[in-house]
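Read the structure below first, then the notes.
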Amino acid sequence: MISVETGVTVQSVNVMTSDEGGLSTEQLTELAMDKVINVADSAPPAIKDQAEAFRSSIENVLRYYIELARREERATIAHRMAKAGQKEMADLVRRI
Amino acid sequence: MAIAQAMCTSFKKELLEGVHNFKNSGGGTFKLALYAEGSGGKSSTTATLGATSTVFVTTGEVASSGTYTTGGGSLTRVDPTTSGTTGFTDFADLSFTTATITAMGALIYNSSASNKAVAVLDFTSNKTSTSGTFTIQFPTANASNAIIRIA
């Protein structure tokens with residue numbers, strides 16, 4: 013008898029939710045980090061330590077630039093609103 | 081359990097029949113619909129999903145809210161690839177915004193192929209957004225973690 017054994021599998025997903033608005037910078041950073049680097053529990057201690065340090069460094073850079081991107085986007089939106097005569101709305105967006 | 085994580089058995093058969101195409105260009109339209117337990121679905125319905133699911137069902141699906149509309153959201157396909165002896169495919173993360181949703185799981189199905197079921201996802205606990213964002217992040221696309229793998 014000739015047969016080929018194989019397996020079709022489905023993996024779990026990660027669900028992230030927010031209330032009264034969009035995801036926070038912390039949540040977005042966490043989502044990004046899950047895609048950027050994964051440190052295996054089984055990694056040798058020395059390599060694991062290095063990988064964890066690298067992960068932490070990348071996480072800080074990501075968090076900073078995500079926050080900056082949000083701020084800059086708000087600044088652009090507020091500017092466009094003010095230019096269109098919506099000064100109150102612009103101030104509201106700027107204060108988020 | 082009303083929602084049990086599984087690759088639908090009918091999907092395995094349909095793979096061998098060439099029913100599903102996950103290619104980025106020219107592939108089918110795959111959707112992800114959200115489901116609730118404990119009568120949390122629209123019209124107070126409860127979802128029953130698992131390996132025996134064969135097709136998209138409305139029973140237990142959450143109601144439309146924000147950018148979520150019943151039937152679910154379309155998934156962005158990523159070309160299937162291989163690593164070692166494992167073949168796998170992936171989808172881009174999916175978000176529903178300004179949505180008030182409580183969901184316990186999801187069904188991925190192929191709306192280009194008579195809504196045939198692909199896989200059931202069990203969130204293991206209720207996930208809730210209130211006038212906020214509900215994001216489903218797919219795992220890293222590799223031979224060990226990708227959402228759909230053939231080893």
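Each protein sequence line maps, in turn, to chains D and Z. The first sequence begins at 13 in the working numbering and counts up by one. The second sequence begins at 81 in the working numbering and counts up by one. Backbone N, C-alpha and C define an ideal beta-carbon position, used for all residues, glycine too.
Are Z:Ala179 and Z:Gly212 close, meaning C-beta to C-beta below 8 Å?
yes
Alpha-carbon spacing of Z:Ala226 relative to D:Arg92, whole angstroms
41 Å
With 16 other CB atoms within 10 Å as the buried threshold, where does Z:Arg229 fall?
buried
Exposed or buried, what is Z:Gly121 when buried is set at 16 or more other beta-carbons lying within 10 Å of its beta-carbon?
Buried, since its Cβ has 16 or more Cβ neighbours within 10 Å.
In chain D, which residues lie with their C-beta within 8 Å of the C-beta of Z:Thr210?
Asp31 and Glu32
Using a Cβ-Cβ distance cut-off of 8 Å, determine whether Z:Lys37 contacts chain D.
Residue 37 of chain Z lies beyond the range of chain Z shown here (81 to 231); nothing can be said about it.
Ignore the nearest five residues each way along the sequence and tell me which others in Z:Gly108's own chain have a CB closer than 7 Å to its CB.
Same-chain partners within the cutoff: His100, Asn101, Asn190, Ser192 and Ala193.
For D:Glu85, does the count of other Cβ atoms within 10 angstroms reach 16, so buried, or fall short, so exposed?
The residue in question, D:Glu85, is exposed, as its Cβ has fewer than 16 Cβ neighbours within 10 Å.
Considering D:Ala63, what are the terminal residues of the beta strand (DSSP E) in which it resides?
Looking at the DSSP string, D:Ala63 is not in any beta strand (DSSP E); the run it does join, the alpha helix (DSSP H), is Pro57 to Lys95.
Leaving out the 5 sequence neighbours to the left and right, which residues in its chain are closer than 7 Å to Z:Ser209 when beta-carbon positions are compared?
Ala179, Thr180 and Ile181
As assigned by DSSP and simplified to three states, the class of Z:Thr138:
For Z:Thr138, the three-state secondary structure derived from DSSP is coil.
Since Z:Arg229 meets chain D, which of its residues come closer than 9 Å, beta carbon to beta carbon?
Within chain D, the residues near Z:Arg229 are Gly19, Val20, Thr21, Val22 and Gln23.
Secondary structure at Z:Lys103, three-state DSSP: helix, strand or coil?
coil
Please classify D:Met13: does DSSP put it in a helix, a strand, or coil?
coil
With distances taken between CB atoms, is the gap from Z:Leu201 to Z:Ala186 smaller than 8 Å?
Contact: yes.
Residue-chain proximity (D:Asp61, chain Z), Cβ-Cβ < 8 Å
no
How would you list, in chain order, the residues of chain D whose beta-carbon sits under 7 Å from the beta-carbon of Z:Asn225?
Per Cβ cutoff of 7 Å: Gln23.
Give me the residue from Z:Ile188, Z:Thr166 and Z:Val137 with the minimum Cα distance to Z:Leu174.
Z:Ile188
Taking Cβ to Cβ, would you say D:Ile78 is nearer than 8 Å to D:Leu40?
For D:Ile78 and D:Leu40, yes; Cβs fall inside 8 Å.
Min CB distance Z:Ala193 to chain D below 8 Å
no
So that I know if they touch, is there some Cβ in chain Z lying closer than 8 Å to that of D:Val27?
Answer yes: the Cβ-Cβ gap between D:Val27 and chain Z drops below 8 Å somewhere.
At what residues does the alpha helix (DSSP H) containing D:Val48 begin and finish?
Thr37 to Val48
Check this for me: beta carbons of Z:Glu94 and Z:Lys207, under 8 Å apart or not?
no
Kindly identify the DSSP beta-bridge partner or partners of Z:Ala113.
Z:Leu187
Quick one, which residues of the region 42-62 of chain D are near chain Z if we go by CB-CB under 7 Å, in chain order?
For chain Z, the residues of the region 42-62 of chain D that bring a beta carbon within less than 7 Å of one of its beta carbons are Leu43, Asp46, Lys47 and Asn50, in chain order.
Within-8 Å CB hit, D:Leu35 to chain Z:
Among the residues facing chain Z, D:Leu35 is included, as its CB has a counterpart in that chain under 8 Å away.
Residues of chain D with a CB under 8 Å from the CB of Z:Ala172: which are they?
Near Z:Ala172 there are no residues of chain D at all, since even the closest Cβ is about 11 Å away, more than 8 Å.
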